[in-house]
Amino acid sequence: MTALAQTALPASLERIRQAFEARNYPDDALTAWRRAALERFLARGFPTQRDERWKYTNLRRLESRAFTPADSAAVARTTAHELSGVTHRIVFVDGHCMPSLSNQAAQPPGVTVISLGQWIKRDPNAVAALLTEVGIDTESPFENLNAAFLEDGVVIDVAPNTVWDEPVYVVHEWQTSGRMAQPRIIVRLGEHSRCTLIEHYVGGEDTESFTNAVVTISAAAGANMRHYRLQQESAKGFHLSTVRTRIARDARYSSHEIALGASLGRSDVAALLEGPGADAKLRGLFTPAATQHLDNYTRIEHIAAHTTSEEEYRGIADGRGRGVFNGKVKVHPDAQKTDARQLSRNLLLSPTAEIDTKPELEIYANDVKCSHGATTGQLDATALFYLRSRGLDANQARMLLIRAFAESILETIEPQGLRAALEAWLSTRFGGTEVSA
Amino acid sequence: MLKVTDLHVRVEDKQILNGLDLEVRPGEVHAIMGPNGSGKSTLVQVMAGREGYEVTRGSVTFNGKDLLSMPAEERAREGVFLAFQYPVEIPGVNNVYLLKAALNAIRKHRGEAEVDAFEFLALVREKMKLMQMDESFLNRGVNEGFSGGEKKRNEILQMAVLEPSLALLDETDSGLDIDALRVVANGVNSLRRADRSIVMVTHYQRLLDYIEPDHVHVLSGGRILKSGDKSLALELEKRGYDWIKQAAA
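Those protein sequence lines, which keep their order, are chains A and B.
Read in our numbering, the first sequence has 361 at position 367, and its numbers run on one by one without any break.
Remember, our numbering sits 77 above the position in the second sequence when you count from 1.
Spelled out as structure tokens, the structure:
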């Protein structure tokens, strides 16, 4: 530790180290856990494009910024984060949980939702024990960075056989520029339990901020988790997220990664199918426009036999936007009878937009079904003419086709309020005028 | 109603139409026949406003208005309808949504209120019955997974709902078996009215047994070489196109 402190660090890492020291975390087990993560982060530094997983994304712009954690939320304004049909809401501002803005409907028996920040204040040693038990991917730079500055987040525990269909809606809003947040969400589903989580990241207007979220989920046998993430950071924001889900026997996990905002966004999703009958469905929609860069990296590991996965990511790139889909599917030697399907479809709306798609299949078992497909194209000129020849104006026709392109993702979004919000966003973004029908 | 004068059209560097003249009066049905590559489809595509065609000379007026200066959607709202030879599949946009959006666009153009939801559904159901289409088609994607015959029926269904004053049928009979052809022709015939004109492009005389035209034109080399009544089509069936080309040469 001391040896490392004596070595001259690159400026970007030195800033991180100083930001850490400035936090003055108390001397306890949690801080020891944080410091170990910091050391791992500093030892490796930010990933570079030489790393295959970061091939398409250059982080220099992020590295050159000096983001520091906010001490507490400076609530200059309160936005009503209402999602129709959702009552269980936990609001974070600048990385800190705001009970006064949250609305926690009564939790049914068997469900516990706790603010990590409040728990840390009460019992940091217990939190350290929990984090150690949940574990982190020590090889992941951004899981390490998140752990080093871990101050708040949410823990959701669902007891065995508890079915909770009311979504937990976690909103993270930025109000202050120059800050970074390392939110952490831990979800533990007992056997045959069910729950839905919606994460929503909202940037203030023009806030230059850095969110580095880590979500760890474990779904015990027969459990069912529906997970939605909606990224709407400001046009100047940076958003990195890492989701890691362990899926046990006959358990099911479905995720939707919707990336609309941020100057630079990167979403990492790993689904580990650890027991026979485990199933993962990963879906994504990303819309890089202007000079946005939105990268999606997914890793599905079929570890046990008779596991199934389905993946579909759709990108719509406009302006000089750049999108990436890099989807890895690994079938381990024991994972016979694996059924894995992957689809990457991309739509380019301008000649300067770009989407890179890279499917990767690594198969070590011999009795498996794996397929993948990738397409990138423009709006179909014949379809546009067809719609216009029926009286729809060019904008309406364009909007309809873009909507239609996104439909296979939209139609799988179960919470109606979330789906409606997304549809409204798409009409505004691509339509200009409302389609009346 | 429709007046095409000395129409010259080029696609990329190829001249397709070479001085075509055609006049269609209200209520008339015109059949345009001709060998492959004669420019039949180009004519209707140009009239419907498809991009990629360059009109180098001539004019097309529709009810006295310059049709060629209007974008495709405005032509549709003015009452021009093109039944596609190959109707486009658009997954994710459902049939009923398109029908309603199209009908409302046309009504708005005419200064009429949007269609009432119940009236609209009643109208669509009635027309679907005419076209012998199952109601399940309504909530499917536009032409998505439809057979060739179903697609053509769907085109005529749209025509029936939108009630154009000029219908352009582009090889509506191609790829249809005899039963499907009867249904489609029956649909078209039921839409014949004193104030509605139809221009149908076809390769086969067979269609004209079911939809009887008032005028038949033979198109070759981008011009109308011969016009006549229904008997001309029968003569073509017997003698082919060459005698007309020779006579014109």
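Here a beta-carbon is modelled for each residue, glycine too, at the ideal position from N, C-alpha and C.
Owing to the predicted nature of the structure, the values given are computational and were not obtained by experimental measurement.
Along the chain, where does the beta strand (DSSP E) that runs through residue i open and close?
| i | result |
| --- | --- |
| R260/A | L258 to L267 |
| S297/B | H292 to S297 |
| S212/A | F204 to A213 |
| M236/B | Unbroken run through M236/B is the alpha helix (DSSP H), G225 to L239; no beta strand (DSSP E). |
| L53/A | That residue, L53/A, is in no beta strand (DSSP E); it is neither H nor E in DSSP. |
| K324/A | R316 to V325 |
| K80/B | L79 to V88 |
| Q92/B | K91 to V101 |
| V121/B | Element bounds for V121/B: not the beta strand (DSSP E) but the alpha helix (DSSP H), K117 to A125. |
| K303/B | R300 to G305 |
| F158/B | V157 to A160 |
Would you say residue i and residue j are within 8 Å of each other, going by their C-beta atoms?
| i | j | result |
| --- | --- | --- |
| V263/A | T292/A | yes |
| E356/A | K324/A | yes |
| A283/A | G313/A | yes |
| V132/B | L84/B | yes |
| V209/A | L183/A | no |
| A179/B | L246/B | no |
| P164/B | Y318/B | no |
| S228/A | G259/A | no |
| L373/A | L343/A | yes |
| R259/B | Y281/B | no |
| I130/A | Y163/A | no |
| V149/A | L110/A | yes |
| N95/B | R283/B | no |
| Q225/A | Y195/A | yes |
| L175/B | S267/B | no |
| R491/A | L144/A | Outside the modelled stretch of chain A, which goes from -5 to 431, sits residue 491/A, for which no answer is possible. |
| E306/A | L266/A | no |
With which residues is residue i paired in a DSSP beta bridge?
| i | result |
| --- | --- |
| Y163/A | R83/A and I192/A |
| G371/A | L341/A |
| N171/B | G218/B |
| A108/B | M277/B and V293/B |
| A153/A | The partner list for A153/A (beta bridge, DSSP) is empty, contrary to what the question assumes. |
| Q330/A | Bridge partners of Q330/A: none, in fact. |
| S249/A | H221/A and L276/A |
| T351/A | F319/A |
| R173/A | T62/A |
| G309/A | F280/A and N340/A |
| K363/A | D333/A |
| V137/B | V81/B |
| T239/A | I211/A and A265/A |
| L313/B | Beta-bridge pairing links L313/B to no other residue. |
I think residue i touches residue j, with their Cβ atoms under 8 Å apart; what is that distance to the nearest whole Å?
| i | j | result |
| --- | --- | --- |
| R173/A | A213/A | Between A213/A and R173/A the Cβ distance is about 33 Å, and since that is not below 8 Å, they are no contact. |
| A99/A | H75/A | No, A99/A and H75/A are not in contact; Cβ-Cβ is about 15 Å, not under 8 Å. |
| V123/B | V173/B | The pair is not a contact, with the Cβ atoms about 30 Å apart (cut-off 8 Å). |
| A108/B | L296/B | That belief does not hold up - the Cβ atoms of A108/B and L296/B are roughly 10 Å apart, past 8 Å. |
| G385/A | R154/B | 5 Å |
| A13/A | T51/A | The Cβ separation is near 23 Å, so there is no contact. |
| R270/B | G104/B | 7 Å |
| L53/A | F40/A | 5 Å |
| V278/B | K117/B | 4 Å |
| G226/B | D254/B | 7 Å |
Please name the residue, chosen from the options, that lies closest to residue i on a Cα-to-Cα basis.
| i | options | result |
| --- | --- | --- |
| S94/A | F143/A, F86/A and V105/A | F86/A |
| A16/A | A142/A, R384/A and I130/A | A142/A |
| T201/A | A207/A, F232/A, M219/A and T190/A | F232/A |
| V298/B | Q282/B, L207/B, L120/B and E128/B | Here residue 298/B turns out to be Gly, not Val, going by the sequence shown. When only C-alpha atoms are compared, the closest one is L120/B. |
| A217/A | R223/A, V165/A, A274/A and A60/A | A274/A |
| T236/A | A245/A, K230/A and S249/A | S249/A |
| I297/A | E268/A, A2/A, R308/A and E33/A | E268/A |
| I442/A | A120/A, V107/A and R116/A | Residue 442/A falls outside the range modelled here, since chain A spans only -5 to 431, and no answer is possible. |
| Y380/A | I93/B, L99/B and R127/B | R127/B |
| H300/A | G271/A, V318/A and T281/A | G271/A |
| C189/A | G371/A, N155/A, E145/A and S203/A | N155/A |
| I396/A | T281/A, D244/A, V105/A and E295/A | T281/A |
| P177/A | G278/A, E401/A and E167/A | E167/A |
| S134/A | L36/A, G104/A, L420/A and R220/A | L36/A |
| A242/A | F399/A, H287/A and E185/A | E185/A |
| K307/B | M110/B, M78/B and L97/B | M110/B |
From what residue to what residue does the alpha helix (DSSP H) around residue i run?
| i | result |
| --- | --- |
| H287/A | Counting along the chain, H287/A falls outside any alpha helix (DSSP H), though it belongs to the beta strand (DSSP E) covering H287 to H296. |
| Q225/A | No alpha helix (DSSP H) holds Q225/A; the beta strand (DSSP E) holding it covers N218 to Q226. |
| S402/A | A388 to L404 |
| D286/B | R283 to Y287 |
Tell me whether residue i, by its Cβ, gets closer than 7 Å to a heavy atom of the ligand GTP.
| i | result |
| --- | --- |
| G425/A | Inclusion of the ligand GTP in the displayed structure is not the case, the ligand content being empty and no account of it being possible. |
Taking residue i as the query, report the chain C residues whose CB atoms sit under 7 Å from its CB, ordered along the chain.
| i | result |
| --- | --- |
| R154/B | Checking the listed chains, one finds no chain C in this structure; the protein chains it contains are A and B. |
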